[in-house]
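J.: In this note's numbering, the protein residues as written are 2 to 371.
#1: Which first and last residues belong to the alpha helix (DSSP H) in which residue 377 is found?
#2: With H, G and I counted as helix, E and B as strand and the rest as coil, what does DSSP make of residue 289?
#3: Can you confirm whether the region 244-255 touches the region 148-164 when touching is taken to mean that 3 or more C-beta pairs between the two stretches lie within less than 8 Å?
#4: According to DSSP, simplified to helix, strand and coil, what is residue 19?
#5: Report the three-state DSSP secondary structure of residue 346 (helix, strand or coil).
#6: Do three or more CB pairs link the region 121-132 to the region 10-28 at distances below 8 Å?
#7: Residue 328 and residue 299 look like a contact to me (Cβ under 8 Å); what is the Cβ gap, rounded to whole Å?
#8: Of the choices 108, 314, 57 and 69, whose alpha-carbon is the least far from that of residue 97?
#9: If you compare alpha carbons, which of 45, 9, 44 and 52 is closest to residue 85?
#10: Tell me, which residues are paired with residue 124 by DSSP?
#11: For the structure I just gave you, are there three or more beta carbon pairs, one from the region 285-292 and one from the region 205-224, closer than 8 Å?
#12: Based on Cα-Cα distance, which residue from 307, 225 and 202 lies nearest to residue 242?
#13: Decide if residue 353 is buried, meaning its Cβ has at least 16 other Cβ atoms within 10 Å, or exposed.
#14: Does any residue of chain C have a CB that is nearer than 9 Å to the CB of residue 371?
#15: Identify whether residue 108 lies in helix, strand or coil by the three-state DSSP scheme.
#16: State the Cα-Cα distance for the pair residue 109 and residue 155, rounded to the nearest angstrom.
#17: DSSP state of residue 260, grouped into three classes?
#18: Which class does residue 252 belong to by DSSP, given the choice of helix, strand or coil?
#19: At which residues does the alpha helix (DSSP H) containing residue 71 begin and terminate?
#20: Could you check how far apart the C-beta atoms of residue 321 and residue 254 are, in whole angstroms? I think they sit under 8 Å.
#21: Is it right to say residue 54 is buried, meaning 16 or more other beta carbons lie within 10 angstroms of its own, or is it exposed?
#22: Out of 99, 112 and 166, which has the shortest C-alpha to C-alpha gap to residue 133?
#23: What does the Cβ neighbour count give for residue 1, buried or exposed, with the cut at 16 atoms within 10 Å?
#24: Buried or exposed: where does residue 35 fall if 16 or more other Cβ atoms within 10 Å of its Cβ makes it buried?
#25: Using the three-state DSSP reduction, which class does residue 158 fall into: helix, strand or coil?
#26: Within the continuous beta strand (DSSP E) that includes residue 233, where are the two ends?
#27: Output yes or no for whether 9 Å exceeds the beta carbon distance between residue 230 and residue 309.
#28: Would you mind reading off the limits of the alpha helix (DSSP H) that contains residue 138?
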């Protein structure tokens, strides 16, 4: 890609899920020191500063071979009287944290090696996600509520992008929590934003966090409307067909009431599409009880979404996966007047966002009103 035509800093800030952006310079059938040296020559060392470099490998790449090339390269640079440092990591790719802390973009090179399965692509990182800014917008805000769950700012940004709203359109978050979606929408340039929540504390937290954003990052929050409202009666407060895109993480259930992973091994796994039995004679299962209650809440919410959304408006929403149990309401949502837009090739066409070992995973969907 011709990086001269691309504002990589703007693109990096816009995309929540993109960790790095690289400029690819060479295509080769194998990796060797000569081609790595050619790459390094395109990133000349800054005068009177130590040249720092490392490797980020993607796909099946021989890391031992790459490390040896790095050590050899360090010797070559020494012979050229260039002070250097070979930056290594336990992972095959250097993190954005390492790239920034070691100044690999400004004073060195994060050499990118990609094995496509047929050939290698080589280049270097030109932009990396600014982890400090995300951390400040997450942990540096005055109000956080760890008990009700925290939507990561980068995930909120990804969801807003999936909604593809125009900058003159209206975005709604009816489970605003601490205001993360609203915050990220403002930073992306949206002005018409509505936030609501059933909890008075959530409304107060959102307002306080927006005031912090106004002062800290000089954001204009005049076009933002925040109020307390139960999602089940959302249309009582919002005009019919007035919202373009809904972006929200709803209540995902009481995590402490959900069985542990150890207990979950003994629970029946409900196949996708199978309805939850509500028979009185059935033995109560805390996990399924939680999913059943959440399903009822979400369907009532979607009934309201259909009223307030414009025709072909979208709802970008997270549904929980609790110990591998999914919330199977897709067909019911379709019956309410929506279609599910595919985000992946998996059977549910969704994207799952989770850390390893996480008990409650996030499953992202985009529904369009028809």
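Virtual Cβ for every residue (Gly too), placed ideally from N, Cα, C.
T.: By the coordinates alone:
#1: Summary: the structure shown does not reach residue 377, with the chain confined to residues 2 through 371, and so no result is reported for it.
#2: helix
#3: yes
#4: coil
#5: coil
#6: yes
#7: 7 Å
#8: 57
#9: 52
#10: 25 and 113
#11: no
#12: 307
#13: exposed
#14: In the structure shown, chain C does not exist; there is a single protein chain.
#15: coil
#16: 27 Å
#17: With a pLDDT of only 42 at residue 260, under 50, the local geometry of the prediction cannot be trusted, and the value read off the model is given with reservation. It is coil, neither helix nor strand.
#18: coil
#19: 64-80
#20: 6 Å
#21: buried
#22: 99
#23: Nothing about residue 1 can be read from this structure; the chain reaches only from 2 to 371.
#24: exposed
#25: helix
#26: Counting along the chain, residue 233 falls outside any beta strand (DSSP E), and DSSP gives it neither H nor E.
#27: no
#28: 132-140
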